[in-house]
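Comments concern the structure below.
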Amino acid sequence: MLHLNKNKKAQRRKNTARVLSIFFISAILFFCSFPRKISLAPKGRVKLGNEMFVKNFSSELQGKSLGLVINHSSVLPPGKSLVQALLDKGQKIQAIFSPEHGFSGTVEAGTEVKDSQLKDIIIYSLYEENKKPTPEQTQGIDAFVYDIQDVGIRFYTYITTLKYVLEAAAEAQIPVYVLDRPNPTGGDIIEGPLMRPEYESFIGALPIPVRYGLTPGELAMMMKGEGWVPREVDLHVVRMKNWRRAYFWEDTGLPWIAPSPNIPSPETAIIYPASSLLGNLKLNEGRGTPYPFLQFGAPWLDASALIKELNGGEQFGIELEAIYYTPRSLPGKALHPLYKNKMCQGIRVRFLQKEKFFSLRFSYAIIKALKNQQQYKFTAPPRYLNMIFGNDLLSQYIEGKISYEKLISQVEEEEKQFRQMRLKYLLYE
22 MLHLNKNKKA
32 QRRKNTARVL
42 SIFFISAILF
52 FCSFPRKISL
62 APKGRVKLGN
72 EMFVKNFSSE
82 LQGKSLGLVI
92 NHSSVLPPGK
102 SLVQALLDKG
112 QKIQAIFSPE
122 HGFSGTVEAG
132 TEVKDSQLKD
142 IIIYSLYEEN
152 KKPTPEQTQG
162 IDAFVYDIQD
172 VGIRFYTYIT
182 TLKYVLEAAA
192 EAQIPVYVLD
202 RPNPTGGDII
212 EGPLMRPEYE
222 SFIGALPIPV
232 RYGLTPGELA
242 MMMKGEGWVP
252 REVDLHVVRM
262 KNWRRAYFWE
272 DTGLPWIAPS
282 PNIPSPETAI
292 IYPASSLLGN
302 LKLNEGRGTP
312 YPFLQFGAPW
322 LDASALIKEL
332 NGGEQFGIEL
342 EAIYYTPRSL
352 PGKALHPLYK
362 NKMCQGIRVR
372 FLQKEKFFSL
382 RFSYAIIKAL
392 KNQQQYKFTA
402 PPRYLNMIFG
412 NDLLSQYIEG
422 KISYEKLISQ
432 VEEEEKQFRQ
442 MRLKYLLYE
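Be aware that the sequence shown starts at 22, since it is given in this note's numbering, and climbs by one per residue.
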């Protein structure tokens, strides 16, 4: 009887081992079947620069008066604001400076933001008449601290605010601490031409590509190193921990805080460049809908024909769906969207493989398809298109002055130039 029990136990162990082996093999095959890496490094979630600053750096500034350049995204996981974290440490905050969309991040794009107050701290708007801290506003400030989540796109204005703060700090001889954050569009992919000086504006203040693949800290270092801001600025970048260049937002382990009203998801940030270009060519870019930038359309569009010419979007790592929708007025997001209250044929984008998605290449393909199908008679594009693209190459293609191949080759050459140029400023692998 004892012998039989031993045999049964041995058999059960063999069966258990067999089941576990099957389970682990199946699990490996299952995860390997995903087209995208699930996790690139088992180091835990990304730790933001603001966490490292509060933990390690703020003691250097004890007793100093800080000027915080922040908004609603300036939060330490799991949810404490940078303001509160510093006040809890006994840090003195002289003033707060807020970018476009205001301190709350809820003001519609392009809307002027007024000065306000938080407790007894003045909040100066850097999206009013003055977009750069004035000498009067910097009085009494011993150090600037910049901590704002942007989207890694040149015409997203938070990086222009960063540039102006660095300039003001250099003029006032005040050090700047940039608390580093992830780039939601990744740190590897670079897209778009270098901006030409004649198109410089608040929506494009740096000679970089549209999608530049740098963190705020790396970009600040590049601004200083290339002389785009005074080289004498006393810049300190507080690095993140555990972030890698190949990461998209879902790899970070961090919650998403919409940096502005029409960027409700990390996916929106990735497609934002493409939709912004299309929005300057008489296409509604999803404003006035629950899916800003993730869909586009117009009353005159033949969505099914366009999807067919784009082969369903598979080569871009996306899936395209033909839809009908009606843009509506959405206070705080889009009061007057293009084609308001008019039925549009449109296309909605779903991501399958983000690492395959090149946002600007997608927009070029759409414009080429529309030209081929003669769906839309392209007139001279508005100057604003050149301002967000960075030069007039796309306009020249639209007007038939250069070929599609010339557009692509010229842009690729400038992307290659920037990729080499940025190497010495990279802080992460």
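The C-beta atom is built at its ideal place from N, Cα and C for all residues, glycine as well.
Under DSSP, no beta-bridge partner is assigned to E129. Looking at D109, I117, A130, E188, the one whose alpha-carbon comes closest to that of S137 is I117. For the pair F269 and L373, the Cα-to-Cα distance works out to about 13 Å. D168: member of the beta strand (DSSP E) spanning 164-168, first to last residue. In this structure, the straight-line span from the alpha carbon of F410 to that of Y233 is close to 13 Å.
Between L315 and G309, the C-beta spacing is not below 7 Å. In the same chain as P251, and ignoring 5 residues on each side of it, the C-beta atoms closer than 6 Å to its own belong to A191, in chain order. By the criterion of a C-beta distance shorter than 8 Å, L256 is surrounded in its chain by L187, P196, V197, V199, A241, M242, K245, once the five residues flanking it on both sides are discounted. Here N305 is bridged, per DSSP, to G318. Between the alpha carbons of Y167 and G161 lies a gap of roughly 17 Å. At least 7 Å separates the beta-carbon of L448 from that of E247. Here Y185 carries a helix assignment [DSSP, helix/strand/coil]. Within the DSSP bridge table, the entry for R232 names I174, E212 as partners. The bridge partners DSSP lists for E342 are R369. Just so you know, the alpha carbons of L147 and S119 end up roughly 6 Å apart.
Counting C-beta atoms within 10 angstroms of its own C-beta, Y418 has 16 or more neighbours from the protein chains shown and is therefore classed as buried.
Contact check for M408 against G225 passes: the beta carbons are separated by less than 7 Å. DSSP places V250 outside both helix and strand once states are collapsed to three, so it counts as coil. Secondary structure at Y360: coil, using DSSP grouped into helix, strand and coil. CA-to-CA, the gap between E330 and F223 works out to about 36 Å. C-alpha of P237 to C-alpha of E221: approximately 20 Å in a straight line.
Taking the C-beta atoms as reference points, R371 is found nearer than 7 Å to E340.
I144 and G338 have their alpha carbons spaced roughly 43 Å apart. Here L298 has S384 as same chain residues with Cβ atoms under 6 Å from its own Cβ, once five neighbours each way along the sequence are excluded.
Of G421, P403, K140, L428, the smallest CA-CA separation from L414 is found for L428.
The C-beta of G111 has fewer than 16 other C-beta atoms within 10 Å across all chains shown, which makes the residue exposed.
Only exposed fits M364, as fewer than 16 other CB atoms lie within 10 angstroms of its CB. For the options S430, M261, N204, the alpha carbon positioned closest to that of G173 is the one of N204. Here P99 is exposed, its C-beta having fewer than 16 other C-beta atoms within 10 Å.
Put simply, of N71, G131, E129, N77 the residue whose alpha carbon is nearest the alpha carbon of S102 is N71.
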